[in-house]
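Notes follow once the structure below has been shown.
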Amino acid sequence: MRGYLVAGNWKMNGSTAANDALVAGIIANAPPSESVELLVCPPFPYLSAVAEKLAGSRVALGSQNVSQFQSGAYTGETAASMLRDVGCKYVIVGHSERRAMMGETSEIVAAKFQAVLDTGLVPILCVGETLADREAGETEAVIDEQLGAVLNLSGVDSFVNAVIAYEPVWAIGTGMTASPEQAQDVHRHIRAALEARSESVAEGVKILYGGSVKGDNAAGLFSKPDIDGGLIGGASLKSADFLAIAEAAATLG
Ligand code: PGA
Numbered sequence: 035m036r037g038y039l040v041a042g043n044w045k046m047n048g049s050t051a052a053n054d055a056l057v058a059g060i061i062a063n064a065p066p067s068e069s070v071e072l073l074v075c076p077p078f079p080y081l082s083a084v085a086e087k088l089a090g091s092r093v094a095l096g097s098q099n100v101s102q103f104q105s106g107a108y109t110g111e112t113a114a115s116m117l118r119d120v121g122c123k124y125v126i127v128g129h130s131e132r133r134a135m136m137g138e139t140s141e142i143v144a145a146k147f148q149a150v151l152d153t154g155l156v157p158i159l160c161v162g163e164t165l166a167d168r169e170a171g172e173t174e175a176v177i178d179e180q181l182g183a184v185l186n187l188s189g190v191d192s193f194v195n196a197v198i199a200y201e202p203v204w205a206i207g208t209g210m211t212a213s214p215e216q217a218q219d220v221h222r223h224i225r226a227a228l229e230a231r232s233e234s235v236a237e238g239v240k241i242l243y244g245g246s247v248k249g250d251n252a253a254g255l256f257s258k259p260d261i262d263g264g265l266i267g268g269a270s271l272k273s274a275d276f277l278a279i280a281e282a283a284a285t286l287g
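Numbered by this note's numbering, the letters in the sequence shown go through residues 35 to 287 in order.
In C-alpha cells form, the structure reads like this:
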C-alpha cells in the first residue's frame, strides 16, 4: 500500500502574511487520513518560518530546488544539508520550469537528486514531455532520457527513498490536464522502467501526477492504479483548493 502524497509547489509566490494564512488554513482542515501525506514547498526565504508554523502538524515541508554541490564557494546556491537543517523532508528536483528556463540538464538534475539522497532527504524527481514531444510520438523517449540519467548515476535502489512526479509540460499552468488515461499510460511506463530493474522498488515508489490538478479532476486521476498523488501548482495557493485535492485522495485512500 503506497498511500498518497499531495504536494503543493508554491513556485515564486507568497509573502509572510499570505503564507501564514495558507498554512493555517491547511493545518486546520487537513483530512485526518493516515494514507495521505500533505506537503508544502515554499520559496527558500520562507522555509524556516513555514517550518515553525507546521511544527506539530502532519504537513511536511519541502523545497523547490537545491544545489548539486555540498558547500563552499557557490554564490546564491542552497545546499541540501541547509534544507535539512531548516526542517525540509522533501526536495523537488528537475521541475520543467528549471529545465527549460534555468538550463538544467538531465545530468545536473541527476546530480541534485543524488545530493538530496546524500543528506537523507527525499527527492521528488520531475519528468515530463512538451507538447511538441508528445505530438512527435516522443513522450516515452523523453521520459526514458530524464529517468535514465538518474538511474545511471544513482541506480534503481535510490528510488526506495525517492518520489517521481510526471508533469507533462503542456499541462502545467494551462488548465489542460492530461486525461486520467493519458497520465496512467505514462505512469505505467515509468513504473515498468523501474520494474525491469527491481520489482520491489517499482512496487513501492510513489509516482505523482502534476499539471492543472484541481479539486474536480483529482479523484479521476488518483483512482488510476499507478497514480499515487499530485504535485500541485496553482491550486496549492488557496487552502480550500489544495484541501479539495487532499480530500479526493483521502476518499480513495
Ligand atoms: P499547475 O503546476 O498545477 O499550476 O499546473 C504544477 C507544477 O508545475 O508543479
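Idealized CB from N, CA, C, for every residue including glycine.
This structure is a prediction, so every number in the text was calculated from the model and none was measured.
Contact between the region 228-246 and the region 187-198 is established, with three or more Cβ pairs separated by less than 8 Å. Per DSSP, Ile266 lies in no alpha helix (DSSP H) segment; the continuous beta strand (DSSP E) that holds it begins and ends at 263-266. Listed in chain order, the non-local C-beta contacts of Gln180 below 6 Å within the same chain comprise Ser140, Val161, local neighbours out to five positions each way being set aside. Annotation: Leu271 is outside any beta strand (DSSP E) and is labelled neither H nor E by DSSP. Gly254 places its beta carbon 8 Å or farther from that of Asp275.
For Ile206, the shortest C-beta to heavy atom distance toward the ligand PGA is below 7 Å.
In this structure Leu228 is in contact with Val190, their Cβ atoms being roughly 6 Å apart against a cut-off of 8 Å.
Taking 8 Å as the cut-off, the beta carbon of Val120 is found closer than this to the beta carbon of Ala85. Distance from the Cα of Ser82 is smallest, within the candidate group Gly268, Leu286, Arg118, for Arg118. For Asn63, the closest of Ala166, Ile266, Arg92 by C-alpha to C-alpha distance is Arg92. Secondary structure note for Val70: its beta strand (DSSP E) is the uninterrupted segment 70-75. For the region 133-192, the full-length beta strand (DSSP E) segments reaching 3 residues or more read 156-161 along the chain. Within a 10 Å sphere around the beta-carbon of Pro79 sit fewer than 16 other beta-carbons, which makes this residue exposed.
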